[in-house]
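Visitor: Here you go, one structure.
Chains as they are written, first to last, in the numbering used here: chain A, 716 to 1154; chain B, 8 to 202.
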């Protein structure tokens, strides 16, 4: 259940920040291997002193404590030179960070001391015994006891439920509620938000439960709790149940049965249709777009109790938004999708992928114009939203025409701020009963 | 890497022997006969022995080939038949997964390399650029390969998906049963000891 079922989790909130942080991280990390290399070269040239070795060991220990020790990709070929590999992989990691700033593994990826560093260290060391102990400790340290620490549980469950994505889903529900006509009922608003949040947590947890081996093989998802063994599948399913039952109950009895039914339907659609369909057919993208469209509809039905034209309009806007957002993102993930067996338009039907993205950019403009017609907003809204919609359509067209990484990234990043801004504009231009519609 | 393994080998066997016994057993490789015709078991992670006093499973770093994290299963002294069944199922699933993904990733790397070589040859370019770096193709050129690889492996993935869903449900179901059994045992310790 998602504003975008795919990767929206950290995108909106950490998009800009994440991009900057990751770039800075990359810069910082590029410097630390250089310091390491510098020390290492000194080791080569002169007799290694105990102080030198202690410093090296300490560096390893500190890095190990911070790092997640994950391999980026399978590397069956032997490495020619650890130094070249380190600098080039540092740059590659920086590139990965820049291009996918919203994948949280970005941080530990850059800091991971890899096997090549170990090789380099070993071949230069004179005190073999001490270094061997250091390395064995490092190898042993990579194994973690699968003992659930209660203190870690909140963090683990937050990651399991994709809490950031859930927050975005809840905010679209809130927007749907706020845009609906009628007096604003705070208690109903809170119940709808909490209920939707719980339903989203449940759906996201089940999604991760199904996808463990696939998540392990994709850079974006390989640090998820089930992949890392921080939580057992049984606990994940139990948590999902403990979220779904109260969530749906809240929606059904605290709000209204229609909203409850939509919640159940969306959980089902996301976990039982979208998730398996990702590996069967490209139709998954359209199903996923529906999943993302339902939360604002739920917000609307929570406020009004019925599925009006306005509800469908909001759902339509979220539905259309999914395509430029996801299609642009998936353009850069084609290798991972191909290797992992995911059926995505960007791999199987690239032209269709770009065409659909452009089509829905244009649809966003049309839907914005329909808002005042359906008495959701005043006519100010499509006028003010026009530059936004024109810009995203322009980027959509560029993506369609150029079909390259740069244009896909620009479209993707634009989609991140386009949606919140559009919803905000809708809210400010909401048609209120006392306000006469602008001629 | 070879040097690293040599170092480990000299240190680990005496350490492991000290822990010899059920505790340090790596559950035997099962399902070898069930594996499809594939090369020897590929694993990019060396063996591991947990500390003696640990009563938990241990999870390792991602495998070099399959990217899956191996789990070393703890075998308690009073393991019930249900617990044994669960452990064996998990062990077998782990190996089956390992085999599939290692094979998948290695095949992908191999075919990708072949594709790049054949393309470069067709364009009359060498395998190395002027600066000596390995020549690569950009994403747009690789797109054809990605599409072909995905469609070639589609059936394989369908079979894998079905099997994976079955196993995942089975493991979770058995975990639930084991959890219930343990709760029952805890609530009725007297009955259990008399049994």
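For glycine and all other residues, C-beta sits at the position ideal for the given N, C-alpha and C.
Would you mind giving the Cβ-Cβ distance between residue 1006 of chain A and residue 989 of chain A, rounded to the nearest angstrom? I have them listed as a contact below 8 Å.
Guide: Working through the first chain from its first residue, we reach residue 1006 of chain A at position 291. Working through the first chain from its first residue, we reach residue 989 of chain A at position 274. Rounded, the Cβ-Cβ distance is 6 Å, consistent with contact.
Visitor: Mind checking residue 954 of chain A: buried by the 16 CB within 10 Å criterion, or exposed?
Guide: As a first step, residue 954 of chain A must be located in the first chain, where it is residue number 239. Residue 954 of chain A should be labelled buried.
Visitor: Return the residue from the list B/91, B/157, B/96 that minimises the CA-CA distance to residue 114 of chain B.
Guide: Along the second chain, one-based indexing puts residue 114 of chain B at 107. Answer by Cα proximity: B/157.
Visitor: Which ranges does the alpha helix (DSSP H) cover as unbroken runs of at least 4 residues, wholly within the region 1074-1146 of chain A, from first to last along the chain?
Guide: For the region 1074-1146 of chain A, whole alpha helix (DSSP H) runs of length 4 or above, ordered along the chain, are 1095-1117, 1120-1143.
Visitor: Against residue 1158 of chain A, what residues of chain B qualify as contacts under a CB-to-CB distance less than 9 Å, listed in chain order?
Guide: Because chain A is modelled from 716 through 1154, residue 1158 of chain A falls outside the range shown and cannot be assessed.
Visitor: I'd like to know if residue 912 of chain A contacts chain B, where contact means its C-beta is closer than 8 Å to some C-beta of that chain.
Guide: Along the first chain, one-based indexing puts residue 912 of chain A at 197. Not an interface residue.
Visitor: Expressed to the nearest angstrom, what Euclidean distance is found between the alpha-carbon atoms of residue 974 of chain A and residue 998 of chain A?
Guide: For the purposes of this step, residue 974 of chain A is taken as residue 259 along the first chain, with counting starting at 1. For the purposes of this step, residue 998 of chain A is taken as residue 283 along the first chain, with counting starting at 1. Going from the Cα of residue 974 of chain A to the Cα of residue 998 of chain A covers about 26 Å.
Visitor: For the alpha helix (DSSP H) that contains residue 1062 of chain A, what are its first and last residues?
Guide: Looking up residue 1062 of chain A in the first chain gives position 347. That run of the alpha helix (DSSP H) goes 1060-1063.
Visitor: Which of the three DSSP states is assigned to residue 1158 of chain A in this structure?
Guide: Residue coverage of chain A in this structure runs from 716 to 1154, which leaves residue 1158 of chain A outside it and unanswerable.
Visitor: With distances taken from CA atoms, which of A/1016, A/983, A/1017, A/1015 is nearest residue 1002 of chain A?
Guide: As a position in the first chain, residue 1002 of chain A is number 287, starting the count at 1. If we check each option's Cα against that of residue 1002 of chain A, A/983 comes out closest.
Visitor: Would you call residue 169 of chain B buried or exposed, if buried means 16 or more other Cβ atoms sit within 10 Å of its Cβ?
Guide: In the second chain, the residue the question calls residue 169 of chain B occupies position 162. Looking at its Cβ environment, which holds fewer than 16 other Cβ atoms inside 10 Å, residue 169 of chain B is exposed.
Visitor: Taking only the alpha-carbon atoms, compute the straight-line gap between residue 1078 of chain A and residue 885 of chain A and give it to the nearest angstrom.
Guide: Within the first chain, residue 1078 of chain A is the residue found at index 363, counting from 1. Within the first chain, residue 885 of chain A is the residue found at index 170, counting from 1. Rounded to the nearest angstrom, the two C-alpha atoms are 24 Å apart.
Visitor: Thinking just about the alpha-carbon of each residue, which of A/959, A/939, A/965 is nearest to the one in residue 905 of chain A?
Guide: Within the first chain, the letter at position 190 stands for residue 905 of chain A. Nearest C-alpha to residue 905 of chain A: A/965.
Visitor: At the 8 Å Cβ level, is residue 949 of chain A part of the contact set with chain B, yes or no?
Guide: Looking up residue 949 of chain A in the first chain gives position 234. Taking Cβ atoms only, chain B reaches closer than 8 Å to residue 949 of chain A, which makes this a yes.
Visitor: If we cut at 8 Å on Cβ distances, does residue 907 of chain A have a partner in chain B?
Guide: For this step, residue 907 of chain A is matched to residue 192 along the first chain. No - not a single Cβ of chain B is within 8 Å of the one on residue 907 of chain A.
Visitor: Between residue 1073 of chain A and residue 1111 of chain A, what straight-line distance do the alpha-carbon atoms span, to the nearest angstrom?
Guide: Here residue 1073 of chain A refers to the residue found at position 358 of the first chain. Here residue 1111 of chain A refers to the residue found at position 396 of the first chain. Cα to Cα, residue 1073 of chain A sits roughly 5 Å from residue 1111 of chain A.
Visitor: Output, in chain order, the set of chain A residues within a Cβ distance shorter than 8 Å of residue 88 of chain B.
Guide: The residue labelled residue 88 of chain B in the question sits at position 81 within the second chain. Residues of chain A passing the Cβ test: none, with the nearest at roughly 19 Å.
Visitor: Taking Cβ-Cβ distances shorter than 9 Å, what residues in chain A pair up with residue 183 of chain B?
Guide: Walking along the second chain from the start, residue 183 of chain B turns up at place 176. In chain order: 949, 952, 953.
Visitor: Helix, strand or coil for residue 66 of chain B? Go by DSSP, reduced to three states.
Guide: Here residue 66 of chain B corresponds to residue number 59 of the second chain, with the count starting at 1. In the structure shown, residue 66 of chain B sits in a strand (DSSP, three-state: E or B).
Visitor: Counting only Cβ pairs nearer than 7 Å, list the residues of chain B close to residue 1053 of chain A.
Guide: For the purposes of this step, residue 1053 of chain A is taken as residue 338 along the first chain, with counting starting at 1. In chain order: 153, 156, 157.
Visitor: Can you tell me which of the three DSSP states residue 942 of chain A falls into?
Guide: As a first step, residue 942 of chain A is located in the first chain; it is residue number 227 there, counting from the start. In this structure, residue 942 of chain A counts as coil in the three-state DSSP scheme.
Visitor: Nearest-angstrom Cα distance between residue 1126 of chain A and residue 1113 of chain A?
Guide: Counted from its first residue, the first chain places residue 1126 of chain A at position 411. Counted from its first residue, the first chain places residue 1113 of chain A at position 398. Distance between the alpha carbons of residue 1126 of chain A and residue 1113 of chain A is about 9 Å.
Visitor: Under the rule that 16 or more other beta-carbon atoms within 10 Å means buried, what is residue 145 of chain B, buried or exposed?
Guide: In the second chain, counting from the first residue as 1, residue 145 of chain B sits at position 138. Exposed, because fewer than 16 other Cβ atoms sit within 10 Å of the Cβ of residue 145 of chain B.
Visitor: Go through its chain and collect everything with a Cβ distance to residue 1148 of chain A's Cβ below 8 Å, but skip five positions before and after it.
Guide: For this step, residue 1148 of chain A is matched to residue 433 along the first chain. So the qualifying residues of the chain are 896.
Visitor: Excluding five sequence neighbours on each side, which residues of the same chain lie with their C-beta closer than 6 Å to the C-beta of residue 119 of chain B?
Guide: Numbered from 1 along the second chain, position 112 holds the residue referred to as residue 119 of chain B. There are no such residues.
Visitor: Express the C-alpha separation of residue 883 of chain A and residue 1089 of chain A in angstroms, rounding to a whole number.
Guide: For the purposes of this step, residue 1089 of chain A is taken as residue 374 along the first chain, with counting starting at 1. For the purposes of this step, residue 883 of chain A is taken as residue 168 along the first chain, with counting starting at 1. In a straight line, the C-alpha of residue 1089 of chain A is about 25 Å away from that of residue 883 of chain A.
Visitor: Can you tell me the Cα-Cα spacing of residue 167 of chain B and residue 1028 of chain A, whole angstroms?
Guide: Walking along the second chain from the start, residue 167 of chain B turns up at place 160. Walking along the first chain from the start, residue 1028 of chain A turns up at place 313. Between residue 167 of chain B and residue 1028 of chain A, the C-alpha separation is close to 40 Å.
Visitor: Given that residue 1235 of chain A touches chain B, what residues does it touch there, using C-beta distances under 8 Å?
Guide: What is shown of chain A runs 716 to 1154, which leaves residue 1235 of chain A out entirely.
Visitor: Compare the C-beta of residue 1060 of chain A against all C-beta atoms of chain B and say whether one is closer than 8 Å.
Guide: If you number the first chain from 1, residue 1060 of chain A lands on position 345. So, not an interface residue.
Visitor: Determine which residues share a DSSP beta bridge with residue 859 of chain A and list them.
Guide: In the first chain, residue 859 of chain A corresponds to position 144, counting from 1. Residue 859 of chain A pairs with B/66.
Visitor: Tell me which same chain residues have a C-beta within less than 6 Å of the C-beta of residue 931 of chain A, skipping the five on either side of it?
Guide: On the first chain, position 216 is the one that residue 931 of chain A refers to. Closer than 6 Å at the Cβ level, and outside the excluded window around residue 931 of chain A, lie 937, 942.
Visitor: Select from A/1031, A/1123, A/1063 the residue whose C-alpha is nearest the C-alpha of residue 1041 of chain A.
Guide: In the first chain, residue 1041 of chain A corresponds to position 326, counting from 1. When each option's Cα is compared against that of residue 1041 of chain A, the closest is A/1123.
Visitor: Anything in chain A within Cβ reach of residue 171 of chain B, meaning under 8 Å, just list it in chain order.
Guide: The residue labelled residue 171 of chain B in the question sits at position 164 within the second chain. Under the 8 Å cutoff, chain A gives 928.
Visitor: Cβ atoms of residue 1134 of chain A and residue 1093 of chain A: under 8 Å apart, would you say?
Guide: On the first chain, residue 1093 of chain A is found 378 positions in, with the first residue counted as 1. On the first chain, residue 1134 of chain A is found 419 positions in, with the first residue counted as 1. No. Outside cutoff.
Visitor: Measure the alpha-carbon distance for residue 152 of chain B versus residue 174 of chain B and round it to whole angstroms.
Guide: Position 145 of the second chain, counted from the first residue, corresponds to residue 152 of chain B. Position 167 of the second chain, counted from the first residue, corresponds to residue 174 of chain B. If you take the alpha carbons of residue 152 of chain B and residue 174 of chain B, they lie about 31 Å apart.
Visitor: Report back the beta-carbon spacing between residue 1009 of chain A and residue 1082 of chain A to the nearest angstrom; my notes put them in contact at under 8 Å.
Guide: Numbered from its first residue, the first chain carries residue 1009 of chain A at position 294. Numbered from its first residue, the first chain carries residue 1082 of chain A at position 367. Contact flag wrong, Cβ pair sits at about 16 Å.
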